[in-house]
Every structure is written in structure tokens, then in C-alpha cells.
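Okay, so the first sequence: first residue is 0 according to numbering that gives the first Met the number 0, each after it adds one.
Each residue gets a CB set at the ideal place from its N, CA and C atoms; glycine is no exception.
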Amino acid sequence: MTDPASRPLWELPHGQASEGRARSGNRARSGRGRGTKQPAEHRPIARVLVDVSLAHLDRTFDYRVPEQLDTAAAPGTRVRVRFAGQLVDGFLLERADSSEHEGRIAFLERVTSSEPVLTNELLAVCRAVAERYGGTLIDVVRLAVPPRHARAEAESVPAARSTAGPPAVPPDDRTARAGWEPYRHGGNFLDALAEPRAARAVWQPVPGEDWPTRLAELAATTHGAGRGAVLVVPDHRALALVQEACARLLGSAAVVSLSADLGPAERYRRWLAVSRGVVRVVVGTRAAMFAPIAEAGLFVVWDDGDDLHAEPRAPYPHVRDVLVTRAHHEGTSLVVAGFTRTAEAQLLVESGWAHPLVAERERVRPHAPRVTPFGEDFDVARDPAARAARLPAVAFEAARTALGNGHPVLVQVPRRGYLPGLACAACRTPARCRRCAGPLAAEGSLADGPPVCRWCGSPEAGFRCASCGTRRLRAVVVGSRRTAEELGKAFAGAVVRTSDGRETLPEVAHDSSVVVCTPGAEPVVPGGYGAALLLDGWALLGRQDLRAAEETLRRWMAAATLVRPAGDGGRVVVGADSSLPTVQALVRWAPAWHAELELAERTELGFPPAMRMAGVEGSPEAIATVLDEVSLPAGAEVLGPVPVTEPDEQGHARRERVLFRVPRSAGRELATAMRAVSALRTARKETDVVRIELDPLTLV
DNA sequence: TCAATCCGTATC
DNA sequence: ATACGGATTGAC
Numbered sequence: 000m001t002d003p004a005s006r007p008l009w010e011l012p013h014g015q016a017s018e019g020r021a022r023s024g025n026r027a028r029s030g031r032g033r034g035t036k037q038p039a040e041h042r043p044i045a046r047v048l049v050d051v052s053l054a055h056l057d058r059t060f061d062y063r064v065p066e067q068l069d070t071a072a073a074p075g076t077r078v079r080v081r082f083a084g085q086l087v088d089g090f091l092l093e094r095a096d097s098s099e100h101e102g103r104i105a106f107l108e109r110v111t112s113s114e115p116v117l118t119n120e121l122l123a124v125c126r127a128v129a130e131r132y133g134g135t136l137i138d139v140v141r142l143a144v145p146p147r148h149a150r151a152e153a154e155s156v157p158a159a160r161s162t163a164g165p166p167a168v169p170p171d172d173r174t175a176r177a178g179w180e181p182y183r184h185g186g187n188f189l190d191a192l193a194e195p196r197a198a199r200a201v202w203q204p205v206p207g208e209d210w211p212t213r214l215a216e217l218a219a220t221t222h223g224a225g226r227g228a229v230l231v232v233p234d235h236r237a238l239a240l241v242q243e244a245c246a247r248l249l250g251s252a253a254v255v256s257l258s259a260d261l262g263p264a265e266r267y268r269r270w271l272a273v274s275r276g277v278v279r280v281v282v283g284t285r286a287a288m289f290a291p292i293a294e295a296g297l298f299v300v301w302d303d304g305d306d307l308h309a310e311p312r313a314p315y316p317h318v319r320d321v322l323v324t325r326a327h328h329e330g331t332s333l334v335v336a337g338f339t340r341t342a343e344a345q346l347l348v349e350s351g352w353a354h355p356l357v358a359e360r361e362r363v364r365p366h367a368p369r370v371t372p373f374g375e376d377f378d379v380a381r382d383p384a385a386r387a388a389r390l391p392a393v394a395f396e397a398a399r400t401a402l403g404n405g406h407p408v409l410v411q412v413p414r415r416g417y418l419p420g421l422a423c424a425a426c427r428t429p430a431r432c433r434r435c436a437g438p439l440a441a442e443g444s445l446a447d448g449p450p451v452c453r454w455c456g457s458p459e460a461g462f463r464c465a466s467c468g469t470r471r472l473r474a475v476v477v478g479s480r481r482t483a484e485e486l487g488k489a490f491a492g493a494v495v496r497t498s499d500g501r502e503t504l505p506e507v508a509h510d511s512s513v514v515v516c517t518p519g520a521e522p523v524v525p526g527g528y529g530a531a532l533l534l535d536g537w538a539l540l541g542r543q544d545l546r547a548a549e550e551t552l553r554r555w556m557a558a559a560t561l562v563r564p565a566g567d568g569g570r571v572v573v574g575a576d577s578s579l580p581t582v583q584a585l586v587r588w589a590p591a592w593h594a595e596l597e598l599a600e601r602t603e604l605g606f607p608p609a610m611r612m613a614g615v616e617g618s619p620e621a622i623a624t625v626l627d628e629v630s631l632p633a634g635a636e637v638l639g640p641v642p643v644t645e646p647d648e649q650g651h652a653r654r655e656r657v658l659f660r661v662p663r664s665a666g667r668e669l670a671t672a673m674r675a676v677s678a679l680r681t682a683r684k685e686t687d688v689v690r691i692e693l694d695p696l697t698l699v
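So this is what it looks like as C-alpha cells:
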């Protein structure tokens, strides 16, 4: 965004771009403008959050409000101030009678806009998030408040919006009730939203559920109670579905969709409509987690296991965490939803903070497809073409039957680029370090010496599998992507289409086609697929990732939910051993059970969310300094540092990573310690930047 | 003894 | 960057 050359030399390179350069305008005409300025009569002090990404300057600075700016300088507005000899942008947080500051106090240079964008409520959210992640307030505020667009701000958003579009259709309570009736306590939950009273739930829909409509019903009920709702989804496909469902129930004028790719003007225009209280239902992707909805009644995160919900900019907040924080602070209802349940959501349930919203077993079964696992020693199909594609006989038969009935077939293949790891040679449980339970990896080939822990670096000479006792290890084979052409040959006569991250097919007509796709890019089919072949089992489950099992089930279920119920002949064939809990969870359609196991395992191994962790990555010198200076809470463990392999090692400097681990109860202290580390470094004008992330999603 | 200069620190 | 305070230096 901002050209690096325009940044002051003393500012560190990781700072985000500051908001649009305001014009200096009519000043300096009167020569000595400074001497003639008079402070405002009432509350002449403005507490300003300056837009500078330096951790040691993460606090407000006092400025004097000149008389002329008295009315414009309202709390929450954007201002421009002279700071350290430079003009910088900032936010006016509050007006005060006096200042504690001993030295001289400069006047506000100008009020950029009198729109109060950073309201007290939004500020409180940002503060809480900054504190949780050990980040600076301004970094979070930049994520929460989109860049200003003067023209969009000048337009009268309310008038333009409320006259357009069809009139709002009052939500029909009975229809919503019918949709939620299969779920235990579903009716009670709707009652709570209607009352309105704060209720928190973790929802797993039954397979094939029209989840966008169910979510829209929640939003409509909240809207009917005169409250606002924010629904956050991972991607544009989900956004379109939920937006459409909400518009259907509430009228398009009552709903606004927010996403980062709208363009600056439209993005700011819609955000303002929310901020000004014109629109009460927001559907959006990640950035919408901060949407300043008026009188919030409900927050929803759909598919919280999708890594798109993790913000890639510092301090890397996660949608689910932010919405949990907001629900907590603002006393609103919350729904954490998805076909699968994350360990984090399970923790919300087990701690009693949220209630499970799930259907009884007998109400799940009729909707689920029949799942057939096949092991590594599968029988290859007899058919010569299928043989060439190395397709198992079961998979081939299931697909052929589906195509014969005129139903399309979904084939899920793995994406490339997974890190190969080590696993038990007998039972394939990922190999873990005895000391810290980190993942073991071979340096070069397995014959080159003992494997080494990727977290703490200790070599493991005497490996013994924790679950079966075997002493042998094997490298996990990374699944290769079977091409559409290969499969096309196996199903001569069928149309083979592909859908992947780059080119996504939104929907496939109900015909005899084979759709080859990577996880997350599955097209929807009216009536459902006749069969799904999940061929990526080994590659997905063998990943050396904390979330391998959870993520695998998430991808499988995302595909399986698009398949017709078993009663209509729907079949899922999955390439993984039937004894694995993840496979069992798919067979029995038991996402909550899987989440219980997952959380229990993480508790046992000391992983998030059972423990809190902080990852610090940087040059070896920087990491050494951090280790030297950090003051960790009592009982904290230090794992590493270990070298981290760069995706491309072409001339990149070596980088290391260290992990700090504490019990959840010390999470706040850990965040504070990380904040102190950054403050020390920025105060020293350290140019060697370290990346600090709390509860990092990937630990390898 | 005191101004000129250097250095480190804060940035209102 | 710039502004400032305190320490250091060097000429009277």
C-alpha cells in the first residue's frame, strides 16, 4: 500500500500502511498559525491513538484541542497530529479535562473526518483482542476499521439504502422453528434469540442440511427481536449462500455483505452503513468479525476449522476467538457452527460456556451416506482402465453404480505440498517426541541417523510408538494428485470436470459426470452426488500437523454432506484404515465424538487449546536475544529453538522458531510477556523483526 | 567556568 | 526524523 520510501526511517518495516494521506489544506496562510491557537473551553485534552506500529508506543498521547476543532474533535474520529516531528494519522479516543503529561502538549493538527468510526464498543473489542494476542491496539484497530473513503463518507448512505430493494419480509417464526426442530434444544435457542437473551451454542448440522437457511433463520429471529447479527463465513462461496438466504428471509435492504475484495469505496460505504446502524444484519468474510453492529444480538462463525478464519496480519486474531470475546463482552448470543467440531469449539462445550446444538443419532442417520473405508492393501479394480488409475475395486464399483443411476460422482484428491513426516511403521500414528510431543522428522533420509523433533530439536534414537509399541518408523508418503485424465479413462463415457482452488465450479448440473476436486472446492449438485471417492486419506492423515485429524474429517465431511443419503443409494468410499478414529467418525457421522477425542488427546499431549502457546520466529540472533530477555510466567516451558525450513530455500537467510508453552490460566501473562518482548525490540529500533504468534495454527 | 558538542532517549 | 536532557569536551 504505502510506498516504503515514504515511511520514516525510524519506523520498523512491519508496520501496515497508514490511512489515506489527508491534505494539509488551508493552514500556514496566516503566517504564525501556532501562536494564535486557543484551546477549547471544555475538555481541552484529546487522548489520541497514533497510527505508528511500534510496540513501545502502544498507548495514547495527549493533545490540546484547538477551539476551532472543538465540535469536530469527537471521540472515535480520525485525526492528524504532529508526532515525533512528523504528521501522522490517529484516532481520538476520548476528551479529558486535564493531562498527566508534564512536557508541552501540542495541538491537534486537524480532524480528518468527524465520522466517529472507532466507537467505545469497537474500541473495547480491539483492546480485548490486542491484549489476548499480545499485540498493539493500533494493529487491531487497523484490522477493524477499513481505510476511509471521503466520497463514500459524504454520500448519504441511509437514504440511498432504505428506499431501494424490496420491503423486508417479516420472518416467520414457525418456519424457523421447523428448521431447527431436529436439533435438541434448537427451539430453546430460537426462543433465546427472540426474547432476546444471550445464549451460546456449538452447532453441528445433519449431513445435507441447508445450513445457509438455518443460519439465516437465526439472523432473522435476532433481527425480529430488534437486534443486530454478524455472520462470518470463510470464503466467497459461503458468503453468497448465506447472503442469499438472509436476503430471502429479511429482504435485501436489511442485509449487507462485507468482504475485503469489494474495493475501497464500496467496502467503506457498506461498513459505514453498519456503523451508522442502517443495516442490522451483516454477512461477511474474516474482516467482518469486527463489524461494529449496533445493539448486537448474535454472532455466528461458520466452519471455524477453516484456516481462512485466521487473520494473516499481526496480531493474527482468529474469527472464532474474536467473536467469543465479543459475545462475552457485549453479552450477546454466539453460534460456532460447522459440519465438524473443532477442538476449540469442544473446549467451549466442555467448559460449559456454550451448549451443544446437535441432532439425536436417529435423526442424523437418515441423512448420512453409506461410508466404506478401504485400507492400503486394497484390491485394485479389475477393469483395465481403473487399474491404470490405481482405483480400488470398491471405489470403482460405487462410482459406476452412481453414474449408472444418472448421479454425478465427486472425487476428492489431495493438494500438493504437504510436508512429509514420520509415522509408526505398523499403525501409522504420527511419530512424536518423548520430551515435548512435537513431531519427529527425518533429517535427509531415515538411514542418515536418528530423527529429530521439529519443535525442541532433541534427537530420538530409541523410538517406540506410543500407541502400538513398534520401534520401526516410516516416512509418510505424500499423496500425489491423480489427474482428471487418468480418472477420465477409468470412467469412459462420463464427463470429467475439475474444480480446484484456482478454478472453482460453483455448481454442477444433475448429470452423469465425474467431478475431480481438491478439498474446499467441491461444487454443489442439486439432489446430491451419487457417490464420493475420498482418495486423499493417507496424505491428509499422515501430515505432521497438530490439526491433521481434525482437518481430514472436516474435508471428508464437507464432501460427504453433498452426497445423497444412504437410503437413496448415496455412498462414500474413503481411502484410510477403518480402525482409525477419524474414519470411524465419518462412518458413524459423529463429529462431536471426534472432537472429544481430539481435545482429550491435545490435553494429554499439552497442545492448544488445552495449553496456550506462543511461537516466535526470526533470525537465530534475534531468537537468541528474545530468549535472553523474555520473562516468562512461572512454569512456562521453552521448546526449541529449531530451524524452520523455508518453502523456498533459494538464498534465504536461516530462520529459527521457539515455542513457549503455559497452562491456559497463564495465557494472559504469556501474551503480556510477548508484548514486552516486542516493546523492548522496537524501543531499541531493532530492524531484525521477529514474528510473534499466540496459539499458532501450525506448530511445525 | 561555561558554551559547544556529542549521545541516548522519548516521541504529547 | 526532531527535540531534549545530560554528559563530555575544550577554550578561556
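For residue i, count the other beta carbons within 10 Å of its own beta carbon; 16 or more makes it buried, fewer makes it exposed. Which is it?
i	result
residue 37	exposed
residue 544	buried
residue 491	exposed
residue 553	buried
residue 691	buried
residue 523	exposed
residue 216	buried
residue 268	buried
residue 86	exposed
residue 305	buried
residue 351	exposed
residue 681	buried
residue 32	No answer about residue 32 holds up, because its pLDDT of 43 lies below 50 and its placement is not dependable.
residue 460	exposed
residue 467	exposed
residue 714	The structure shown does not extend to residue 714, since the chain spans only 0 to 699, so no value can be given for it.
residue 30	Because the pLDDT at residue 30 is just 38, under 50, the model does not fix this residue reliably, and the value given afterwards should be weighed accordingly. Under this definition residue 30 is an exposed residue.
residue 619	exposed
residue 174	exposed
residue 314	buried
residue 2	Bear in mind that the predicted position of residue 2 carries a pLDDT of just 43, short of 50, making it unreliable; the figure below should be weighed with that in mind. By the neighbour-count rule (16 or more Cβ atoms within 10 Å), residue 2 is not buried but exposed.
Starting from residue i, trace the beta strand (DSSP E) in both directions and tell me its first and last residue.
i	result
residue 336	332 to 336
residue 296	295 to 301
residue 516	512 to 516
residue 315	Careful: residue 315 lies outside any beta strand (DSSP E) and carries neither H nor E.
residue 257	254 to 257
residue 614	610 to 617
Might you give, ordered along the chain, the residues of its own chain that have their beta carbon closer than 6 angstroms to the beta carbon of residue i, omitting 5 neighbours on each side?
i	result
residue 212	244
residue 668	632
residue 181	358, 362
How far does the alpha helix (DSSP H) with residue i in it extend, from its first residue to its last?
i	result
residue 202	Counting along the chain, residue 202 falls outside any alpha helix (DSSP H), though it belongs to the beta strand (DSSP E) covering 199 to 203.
residue 655	Here residue 655 belongs to no alpha helix (DSSP H); instead the beta strand (DSSP E) covers 654 to 662.
residue 673	666 to 682
residue 556	547 to 559
residue 600	590 to 604
residue 341	No alpha helix (DSSP H) contains residue 341, which DSSP labels as neither H nor E.
residue 265	263 to 274
Quick one: residues in its chain with C-beta nearer than 8 angstroms to the C-beta of residue i, no 5 flanking neighbours on either side, listed in chain order?
i	result
residue 167	In this prediction, residue 167 has a pLDDT of 48, which is less than 50 and means its spatial position is unreliable; what the coordinates show is noted afterwards. These residues qualify, in order along the chain: 249, 250, 252, 253.
Could you name the residues of the same chain whose beta carbon sits closer than 7 angstroms to that of residue i, not counting the 5 residues immediately before and after it, in chain order?
i	result
residue 499	516, 517, 520
residue 93	46, 74
residue 118	75, 291
residue 144	116, 117
residue 246	254
residue 158	With a pLDDT of 39 at residue 158, under the threshold of 50, the modelled position of that residue is not reliable, and the figure given next carries that caveat. Contacts found: none.
Using DSSP bridges, identify the partner residues of residue i.
i	result
residue 62	45
residue 358	182
residue 452	439
residue 288	BP columns for residue 288 are empty, so no partner.
residue 495	513
residue 622	According to DSSP, residue 622 bridges with nothing at all.
Compute the minimum distance between the beta carbon of residue i and the heavy atoms of the ligand PLP, and state whether it is under 8 angstroms.
i	result
residue 526	Among the ligands in the structure shown, none appear at all, so the ligand PLP cannot be discussed.
Q) Going along the chain, which unbroken runs of the alpha helix (DSSP H) with 4 or more residues stay wholly within the stretch 371 to 400? A) Taking only runs of at least 4 residues, the alpha helix (DSSP H) segments lying wholly in the stretch 371 to 400 are 383 to 387.
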